[in-house]
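**Student:** Input: one structure, supplied below.
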């Protein structure tokens, strides 16, 4: 309620968007970092003519299956740019959006045609300001000089805990000035519409800095008994207080009724938005005639289409290729892909995480991820890939680029690893696959399963067991999620149900491995935090060795 004037002016007077095409490329972006106030955004989307938010959707706020969840979710509600809720995340996302605009503008704009030209607006609150991520992101925004980022700070002095006097008394203005932002103070955010308009105009005139507009408001403005109280922070007013508020504001209409004059006023945005997009399309057509190569590249970024044969740029490796850390192999793959995918198009976010195990050695337990692999595997809609060598690193990138709708995590080593025989890009695409097998009839005596740097250990253990006459299958289990998505026939061909003698080895938590090795198998891993010592010593002390795998295999088979 306190932010309504800001939202109204942005959606009704300032922002360029097309309600009938929420994904028009050059639209202005709006991020509600203070996500608990999302009913304001839903109401604005409805008034502006977005098809995603009908009156029935407003009535179904926070209900099962509705388009209006309790915090904004971009995959649920077209018109919502990013999912927000955890405070501070929205402003950080907004910095990323503004950086993308500046990067694309620098790459594609021409003196006679600024084809990329949009603003990013964000509303954040006291709770967002308290979060470390917001300060880090805003520091970068100031450093980068993101002049098309305009943030409205809802300065209502209330957080979910109560008055900010109990925990948050810093001078936000001077902090943001120190971060390199232009700062404006709107003293009457409740009814000072002209102050807000003037602040936006001033912000747009500043080209080399992001702007923070501090808007002093009253939370729950208009509510006679709950305004300026933390009780209205994330809770409904209640029927009695709603009626009191309606009387206080002189609002005689039925719930959810939009007066005709208001409808008529807002209805212009449908035609206006279509005109904005048509104007830009004409501008792009001229751009395409003059700069066909840049236009084709930008179009591929907008559509997310991959160029034919792009995967052929991925390097391949043989056992004779020099060993290297998978983080370095990752760099080789990125350099190769950059030649054919200049912007990585619209690939889902790719998180490249190095130093993935106790192989970090002397830096000690604070630098040795133990629980991280299990944590990522527990997250829905994410791919956790842990490649063992160059071919698997290339395969991981192919998977990550092709998966546009979900993020990928690449867990990479700092230590050098050999190029192993039997690894392949195609195998990685299956999640888990057979690297070597000296058995027949899909009936090995034992199956050894490894990931990342420990696949080498499984291979060494298999070599020794085979010398003793064992039928041993080695499986690389790069990505659990991809393996789960394969057919039952394929999974049976890799991990036959009849073979219960299974040993997994991974330099991390064994949590979850029982799903793979089964009740009669054994998971070798680390279920405590690491230690400081040379990597070889740590591997030996924690039993992440070929000898441990051999002993477990003999015990089971």
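Residue numbers (UniProt numbering): 1 to 557.
Backbone N, C-alpha and C fix where the C-beta goes; we use that ideal spot for every residue, glycine too.
In angstroms, rounded to a whole number, what distance separates the CA positions of residue 346 and residue 24?
**Tutor:** Only weak support exists for where residue 346 lies, its pLDDT of 44 falling under 50; the coordinates are left without a value.
**Student:** May I have the straight-line CA-CA distance separating residue 56 from residue 66, to the nearest angstrom?
**Tutor:** Rounded to the nearest angstrom, the two C-alpha atoms are 9 Å apart.
**Student:** Determine, using beta carbons only, whether residue 371 and residue 509 come nearer to each other than 8 Å.
**Tutor:** In this structure, residue 509 lies closer than 8 Å to residue 371 by Cβ.
**Student:** Measuring only the C-alpha atoms, how far is residue 16 from residue 26?
**Tutor:** Roughly 8 Å separates the two Cα atoms.
**Student:** In the DSSP assignment, find the beta strand (DSSP E) that holds residue 27 and state where it starts and stops.
**Tutor:** From DSSP, residue 27 is part of no beta strand (DSSP E); its letter is neither H nor E.
**Student:** Let me check you understand the geometry: is the CB of residue 162 closer than 7 Å to at least one non-hydrogen atom of the ligand HEM?
**Tutor:** In the structure on display, the ligand HEM does not appear, and there are no ligands present to speak of.
**Student:** Which same chain residues, not among the five before or five after residue 548, have their C-beta less than 8 Å away from its C-beta?
**Tutor:** Cβ neighbours of residue 548 beyond the five flanking positions: 505 and 524.
**Student:** Would residue 469 be called buried (16 or more neighbouring beta carbons within 10 Å of its own) or exposed?
**Tutor:** Exposed, by the Cβ-count rule.
**Student:** Helix, strand or coil: which one does DSSP assign to residue 39?
**Tutor:** Of the three classes helix, strand and coil, the one that applies to residue 39 here is helix, per DSSP.
**Student:** Run through DSSP, which three-state label would residue 143 get?
**Tutor:** Helix.
**Student:** Roughly how far, in whole angstroms, is the beta-carbon of residue 315 from the beta-carbon of residue 421, given that I think they are within contact range, below 8 Å?
**Tutor:** About 17 Å; that fails the 8 Å criterion.
**Student:** What's the C-alpha gap between residue 239 and residue 225?
**Tutor:** For residue 239 and residue 225, the distance between alpha carbons rounds to 13 Å.
**Student:** What is the DSSP secondary structure of residue 461, counted as helix, strand or coil?
**Tutor:** It is helical.
**Student:** Counting C-beta neighbours from all protein chains within 10 Å, is the total for residue 249 16 or more, i.e. buried, or is it exposed?
**Tutor:** Residue 249 comes out exposed.
**Student:** Determine, using beta carbons only, whether residue 48 and residue 280 come nearer to each other than 8 Å.
**Tutor:** Against a cut-off of 8 Å, the Cβ pair of residue 280 and residue 48 comes out as no contact.
**Student:** Could you pull the start and end residues of the beta strand (DSSP E) that residue 524 belongs to?
**Tutor:** That run of the beta strand (DSSP E) goes 522-524.
**Student:** Using the rule of at least 16 other Cβ atoms within 10 Å of the residue's Cβ for burial, across every protein chain shown, is residue 101 buried or exposed?
**Tutor:** Buried is the call here.
**Student:** Taking its Cβ as the centre, do 16 or more other Cβ atoms sit within 10 Å of residue 415, making it buried, or is it exposed?
**Tutor:** By the neighbour-count rule (16 or more Cβ atoms within 10 Å), residue 415 is buried.
**Student:** Below 8 Å on the Cβ atoms is my contact criterion, and I expect residue 405 with residue 486 to pass it. Report the Cβ-Cβ distance as a whole number of Å.
**Tutor:** The pair is not a contact, with the Cβ atoms about 19 Å apart (cut-off 8 Å).
**Student:** Whole angstroms are fine: how far does the CA of residue 82 sit from the CA of residue 446?
**Tutor:** Answer to the nearest angstrom: the Cα atoms are 47 Å apart.
**Student:** CA-CA distance, residue 458 and residue 179?
**Tutor:** The straight-line gap from Cα to Cα measures roughly 51 Å.
**Student:** Between which two residues does the beta strand (DSSP E) carrying residue 216 extend?
**Tutor:** Here the beta strand (DSSP E) through residue 216 covers 211-216.
**Student:** Taking DSSP as the reference, what is the three-state secondary structure of residue 433?
**Tutor:** Strand, per DSSP.
**Student:** Would residue 128 and residue 87 qualify as a contact pair, given that the criterion is a beta-carbon distance under 8 Å?
**Tutor:** Yes. Within cutoff.
**Student:** Look at the Cβ atom of residue 456, then the Cβ atom of residue 412, and state whether they are nearer than 8 Å.
**Tutor:** Cβ distance not < 8 Å, so residue 456 and residue 412 don't count as in contact.
**Student:** Mind checking whether residue 190 and residue 217 have CB atoms under 8 Å apart?
**Tutor:** Yes; because the gap between Cβ atoms is below 8 Å, this pair is in contact.
**Student:** Report yes or no: do three or more beta-carbon pairs, one from the stretch 132-151 and one from the stretch 321-331, lie closer than 8 Å?
**Tutor:** With a cut-off of 8 Å, the stretch 321-331 and the stretch 132-151 do not count as touching, because too few Cβ pairs lie within range.
**Student:** Of all the options 337, 303 and 287, which has the alpha carbon lying nearest to the alpha carbon of residue 309?
**Tutor:** Among 337, 303 and 287, the Cα nearest to that of residue 309 belongs to 337.
**Student:** May I have the straight-line CA-CA distance separating residue 156 from residue 208, to the nearest angstrom?
**Tutor:** If you take the alpha carbons of residue 156 and residue 208, they lie about 28 Å apart.
**Student:** I need the boundaries of the alpha helix (DSSP H) containing residue 15, first residue and last residue.
**Tutor:** No alpha helix (DSSP H) contains residue 15, which DSSP labels as neither H nor E.
**Student:** For residue 253, is the classification buried or exposed, using 16 other Cβ atoms within 10 angstroms of its Cβ as the cut-off for buried?
**Tutor:** Per the 10 Å Cβ criterion, exposed.
**Student:** Can you give me the C-alpha to C-alpha distance between residue 73 and residue 80, rounded to a whole angstrom?
**Tutor:** When rounded, the distance between both Cα atoms is 7 Å.
**Student:** Could you pull the start and end residues of the alpha helix (DSSP H) that residue 266 belongs to?
**Tutor:** Counting along the chain, the alpha helix (DSSP H) containing residue 266 begins and ends at 260-266.
**Student:** Using a 10 Å radius around the Cβ and a threshold of 16 neighbouring Cβ atoms, would you call residue 478 buried or exposed?
**Tutor:** So residue 478 counts as buried.
**Student:** Mind listing, in chain order, the continuous alpha helix (DSSP H) runs of no fewer than 4 residues lying wholly within the stretch 259-345?
**Tutor:** Counting whole runs of 4 or more residues, the stretch 259-345 contains the alpha helix (DSSP H) stretches 260-266, 268-290, 292-303 and 326-338.
**Student:** Grouping DSSP H, G and I as helix and E and B as strand, with all else coil, what is residue 231?
**Tutor:** Looking at residue 231 - three-state DSSP - the assignment turns out to be helix.
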